[in-house]
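Engineer: Residue numbers (this note's numbering): 55 to 388.
For every residue, glycine included, the Cβ atom is placed at its ideal position computed from N, Cα and C.
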Amino acid sequence: MKELIKKITELYGPSGREDQVRDFIKEQIKDHVDDIKTDKLGNLIATKKGNSGKTILFDAHMDEIGVVVTHILDKGFLKVEQVGGQNPVNLIGSRLIFNGRIGVVGVEGESEKELKDNYKNLSLDNIFVDIGVSSKEEAEKIAPIGTFGTFAEGFVDYGNYCMSKAMDDRIGCAILIETIKNMKDNQHTVLFAFTVQEEVGLVGSFVSTFDYEVNRAIAIDVTDSLDTPKALKRMSMALGKGPCIKIKDNLSVSDREVVEWIKNAALANNIPYQFEVLTFGGTNAAGYQRTKSGIPSGTISIPTRYIHSPHEMLSYSDVENTVKLLNTLSKTNF
């Protein structure tokens, strides 16, 4: 599965530009599902049929955070705006890619004092992207206004852990791919929704189920791992202790019966798990709760360090146990 994670995280796919990711996923799963379709918004939805008369949905979003070019200065430096939750601190010194061209992020400052002040008060107003050109005309040929960019960092394998850009939420996509390939004797019909534009407002989740009657929806996404020095002590999620069953976040409260269903499936099959109460953020579960007449929803999260940075780190064992848990849920009554 390591090679799958490497390939899918290194793909280019900011919000609204998920084409490469969707094509890759479709090629991976097309021979392992009963039906596959792409809706008008770009969500990829695959089906494995069951015979229980009930339908469950597993969701992972294809998009990653990025930037978009808003202005080009006379000497070819780019000014950018965020696409999704982009912290300027994580951009400094990072490599970004625009139409195949690598750029690096720098900080403005005409004096030592101004430079220091700008480092202390980083914002998208006082940073720029250098793509190695010397004129506005050259830059416009490579990355005209409206061009989307993403982190250009690659995959690192640490043995038990791994690190890459776009683990949020390509790791969820990889988990769904692996679940599809390994799923046997599923009792329920299972929809696998690979959704678009989660990072800019959960957009794909609001429309992905309109052609289906779904009894329960589960978002597979990352959550912050609070096991680093002086991390927030109000939360307990940690790498290597199993997938997290979300209780709530800033956008939704997980359905109580869905939480119990997931927990009992894990207990019955000796799958380690953690509970997650997140004091910020949100997942596509909030979108499914608000679609049609409302779908009972929850989230299974992968603890991850340094989310929304070029170097998101997680544990392989948590990934593998999530695959086991999803396969178990496909045949667990409710």
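Tell me which same chain residues have a C-beta within less than 8 Å of the C-beta of Glu-135, skipping the five on either side of it?
Structural biologist: As a position in the sequence shown, residue 135 is number 81, starting the count at 1. Within the same chain, Glu-135 has close Cβ partners Val-121, Val-122, Thr-124 and Leu-178.
Engineer: Would you kindly work out how many angstroms separate the C-alpha atoms of Ala-340 and Leu-98, rounded to a whole number?
Structural biologist: The residue given as residue 340 occupies position 286 in the sequence shown. The residue given as residue 98 occupies position 44 in the sequence shown. The straight-line gap from Cα to Cα measures roughly 19 Å.
Engineer: Among the candidates Ser-189, Asn-144, Glu-164 and Glu-72, whose CA atom is the shortest distance from the CA of Ser-176?
Structural biologist: Residue numbering aside, residue 176 sits at position 122 when the sequence shown is read from its first letter. It is worth fixing the name first, because residue 176 is Leu in this sequence and not Ser. Considering only alpha carbons, the answer is Asn-144.
Engineer: Terminal residues of the continuous beta strand (DSSP E) containing Ile-126?
Structural biologist: As a position in the sequence shown, residue 126 is number 72, starting the count at 1. From DSSP, the beta strand (DSSP E) with Ile-126 extends over 120-126.
Engineer: Spatial neighbours of Met-289 within its chain, please: C-beta separation below 6 Å, excluding the five flanking residues on both sides.
Structural biologist: To locate residue 289, count along the sequence shown from 1; it is residue 235. For Met-289, where only same-chain residues beyond five positions count, the Cβ hits under 6 Å are Leu-280.
Engineer: Going by C-alpha to C-alpha distance, which of Gly-213, Ile-151 and Asn-304 sits closest to Val-183?
Structural biologist: The count along the sequence shown starts at 1 and reaches residue 183 at position 129. It is Ile-151 whose Cα lies nearest to the Cα of Val-183.
Engineer: Could you say if the segment 205-214 and the segment 348-356 meet the contact criterion of at least three C-beta pairs nearer than 8 Å?
Structural biologist: No, they do not touch.
Engineer: Are at least three pairs of beta-carbons, each pair with one atom in the segment 304-315 and one in the segment 223-234, less than 8 Å apart?
Structural biologist: Taking 8 Å as the limit for Cβ pairs, the verdict is that the segment 223-234 does not touch the segment 304-315.
Engineer: How would you label Tyr-66, buried or exposed, when you count the other beta carbons within 10 angstroms and need 16 or more for buried?
Structural biologist: By 1-based counting over the sequence shown, the position of residue 66 is 12. Counting Cβ neighbours within 10 Å, Tyr-66 comes out buried, since at least 16 surround it.
Engineer: Mind checking Tyr-212: buried by the 16 CB within 10 Å criterion, or exposed?
Structural biologist: The residue given as residue 212 occupies position 158 in the sequence shown. By the neighbour-count rule (16 or more Cβ atoms within 10 Å), Tyr-212 is not buried but exposed.
Engineer: If you follow the alpha helix (DSSP H) that Lys-61 is part of, which residue opens it and which one closes it?
Structural biologist: Counting from one through the sequence shown, the residue named residue 61 turns up at place 7. Per DSSP, Lys-61 belongs to the alpha helix (DSSP H) from 56-63.
Engineer: Once you ignore the five residues that flank Lys-108 on each side, which residues in its own chain have a CB closer than 6 Å to its CB?
Structural biologist: The residue labelled residue 108 in the question sits at position 54 within the sequence shown. Same-chain partners within the cutoff: His-242 and Asn-269.
Engineer: What residue range does the alpha helix (DSSP H) around Gly-341 cover?
Structural biologist: Walking along the sequence shown from the start, residue 341 turns up at place 287. Element bounds for Gly-341: 339-343.
Engineer: Spatial neighbours of Arg-110 within its chain, please: C-beta separation below 8 Å, excluding the five flanking residues on both sides.
Structural biologist: Numbered from its first residue, the sequence shown carries residue 110 at position 56. It should be noted that the sequence gives Ile, not Arg, for residue 110. These residues qualify, in order along the chain: His-242, Thr-243, Val-244, Leu-245, Val-268, Asn-269, Arg-270, Ala-271, Ile-272, Leu-383 and Ser-384.
Engineer: In terms of residues, what are the limits of the alpha helix (DSSP H) holding Ile-301?
Structural biologist: In the sequence shown, residue 301 corresponds to position 247, counting from 1. No alpha helix (DSSP H) contains Ile-301, which is instead part of the beta strand (DSSP E) from 298-302.
Engineer: Jot down the residue ranges of each uninterrupted beta strand (DSSP E) in the segment 260-340, minimum 3 residues, whole runs only, in chain order.
Structural biologist: List check, beta strand (DSSP E) in window: 270-278, 298-302 and 328-331.
Engineer: Pick out the complete alpha helix (DSSP H) segments inside the segment 109-193, 4 residues or longer, and give them in chain order.
Structural biologist: Listed in chain order, they are 142-145 and 166-174.
Engineer: Can you tell me whether Phe-388 is helix, strand or coil according to DSSP?
Structural biologist: Numbered from its first residue, the sequence shown carries residue 388 at position 334. In the structure shown, Phe-388 sits in coil (DSSP, three-state: anything other than H, G, I, E or B).
Engineer: What do you reckon, are the CB atoms on Val-46 and Asn-236 nearer than 8 Å?
Structural biologist: Because the chain spans 55 through 388 in this model, residue 46 falls outside it and cannot be assessed.
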